[in-house]
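2 protein chains.
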Amino acid sequence: MRISTKGRYGLVIMIYLAREYNTGRFVSLKEISESEEISLKYLEKIMLNFKDTDYFISSRGSEGGYKLAHSPKEYNLKDIFEKLEGNIEIVSCLNEGVPCLKKNRCVSRILWKDINNLINDYLSTKTLEDLIKR
Amino acid sequence: MRISTKGRYGLVIMIYLAREYNTGRFVSLKEISESEEISLKYLEKIMLNFKDTDYFISSRGSEGGYKLAHSPKEYNLKDIFEKLEGNIEIVSCLNEGVPCLKKNRCVSRILWKDINNLINDYLSTKTLEDLIKR
DNA sequence: TGATTTCCTACCATTATGGTAGTAAAATAT
DNA sequence: ATATTTTACTACCATAATGGTAGGAAATCA
Chain G
49 MRISTKGRYG LVIMIYLARE YNTGRFVSLK EISESEEISL KYLEKIMLNF KDTDYFISSR
109 GSEGGYKLAH SPKEYNLKDI FEKLEGNIEI VSCLNEGVPC LKKNRCVSRI LWKDINNLIN
169 DYLSTKTLED LIKR
Chain B
49 MRISTKGRYG LVIMIYLARE YNTGRFVSLK EISESEEISL KYLEKIMLNF KDTDYFISSR
109 GSEGGYKLAH SPKEYNLKDI FEKLEGNIEI VSCLNEGVPC LKKNRCVSRI LWKDINNLIN
169 DYLSTKTLED LIKR
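Chains as they are written, first to last, in our numbering: chain G, 49 to 182; chain B, 49 to 182.
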């Protein structure tokens, strides 16, 4: 039950860009890489997870980089993690339509559901703006 | 951010034994294996995670098996998961004494801490008895 | 033109997951 | 006594996920 570096570094990128949102400038991954001491190549790979989103405006070449396409308050943390980590249900059977029929296996399903709701409810109510305000 | 089968099947064993607690009989892993359709060998392996606990009374041989050493209400779910999954902190830096000094990495630490507390608080208040009552 | 940076595809080492197999030792049933 | 049952313990292994690295093409800017 761990958040991987994929999720953590992905959020680091988002926070970095959120903090620079007001400046309007493009921030390169190289800058984030050096500031946060995370390999550039790995950051590039993590960005691939956001490929099908409209999260960023990007520009290649010198003085290029990324900036947020929207205000930090438009970025929901639950959405961000779903892009980064895929399905974030803590047990796989939660999103299967058909309940399993094992005797005691699904007694605990209620427990998983509760915990899952706890996390999802929390993340759903938080945005990037909430994070950088603290 | 997934609970593995190790954690899930381990809980299944605990629930099974909790339900048989009043009978006082020994329940074999073979019985649980057949009832829950989980391989016997895998259940044996999962039991190794509880090796250093006083959770069970065991008996070998025919009519042998396991039974809970204490009443189901004495078994805290947080404790059980710590035995099964090891440290259940969702990010590793939470239990390091020294905070990391990276610029934005630890902005999110507050977030991880919050989620971690959410889960731990929930699990700490629940016992095996709560689970089998529902 | 040269440097910079995104964008994209491969590749790879290590670890965790999710098991299986085999055997010894203890306890019980016959 | 012996056969059976069951825990207890060790070793092994296939697959997937994690956490990266490497290389190059394409776009952009100074």
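From the three backbone atoms N, C-alpha and C, an ideal C-beta is built for every residue, glycine too.
Predicted model only: the values in this text are computed from it and were never measured.
Cα-Cα separation, R50/B to E177/B: Looking at the two C-alpha atoms, the distance is approximately 24 Å.
Beta-carbon neighbours of L166/G, restricted to chain B and to distances below 8 Å: The contacting residues are L166, I167 and Y170.
8 Å Cβ cutoff, V155/B in contact with chain G: Using a Cβ-Cβ cut-off of 8 Å, V155/B counts as an interface residue toward chain G, since at least one Cβ of chain G sits closer than that to its own.
Exposed unless 16 or more other CB atoms sit within 10 angstroms - verdict on L125/G: Using a 10 angstroms sphere on the CB of L125/G, the tally of other CB atoms reaches 16 or more, which defines it as buried.
Inter-residue CB distance, L171/B and I63/B (contact presumed, cutoff 8 Å): Rounded to whole angstroms, the Cβ separation of L171/B and I63/B is 15 Å, and the two are not in contact under 8 Å.
Range of the contiguous beta strand (DSSP E) that encloses S106/B: Counted as a single uninterrupted DSSP element, the beta strand (DSSP E) harbouring S106/B occupies residues F104 to S107.
is_contact[L91/B, chain G] using C-beta, thresh 8 Å: Not closer than 8 Å to any Cβ of chain G, the Cβ of L91/B fails to qualify, so no.
Within-8 Å CB hit, D127/G to chain B: Judged by the 8 Å Cβ criterion, D127/G is not in contact with chain B.
Span of the alpha helix (DSSP H) around L96/B: From DSSP, L96/B is part of no alpha helix (DSSP H); its letter is neither H nor E.
Simplified DSSP state of G134/B, which is helix, strand or coil: Three-state DSSP puts G134/B in coil, outside helix and strand.
Chain G contacts from the region 89 to 118 of chain B (Cβ-Cβ distance under 7 Å): Answer set for the region 89 to 118 of chain B: empty.
Nearest-angstrom Cβ-Cβ length linking N164/B and L132/B, presumed shorter than 8 Å: Separation of the CB atoms of N164/B and L132/B is rounded to 17 Å, and the pair is thereby denied contact status at 8 Å.
Helix, strand or coil at G55/B [DSSP, three-state]: Here G55/B sits in helix by DSSP.
7 Å Cβ shell around E92/G - same chain, five flanking residues per side excluded: Taken in chain order, the residues that qualify are L77.
Members of the region 57 to 89 of chain B near chain G, C-beta cut-off 7 Å: L59, V60, I63, Y64, S83, E84 and E85: these are the residues of the region 57 to 89 of chain B whose beta carbon lies less than 7 Å from some beta carbon of chain G, given in chain order.
Where S156/G falls, given that 16 or more other Cβ within 10 Å makes a residue buried: Result: buried.
Residue closest to A66/G, alpha-carbon to alpha-carbon, out of L88/G, E82/G, I105/G and I86/G: Nearest option by C-alpha distance: I105/G.
Sheet register partners of G113/B (DSSP bridge): Under DSSP, G113/B forms a beta bridge with S107/B.
Limits of the unbroken alpha helix (DSSP H) element including E82/B: According to the DSSP assignment, E82/B belongs to the alpha helix (DSSP H) that extends over L77 to E84.
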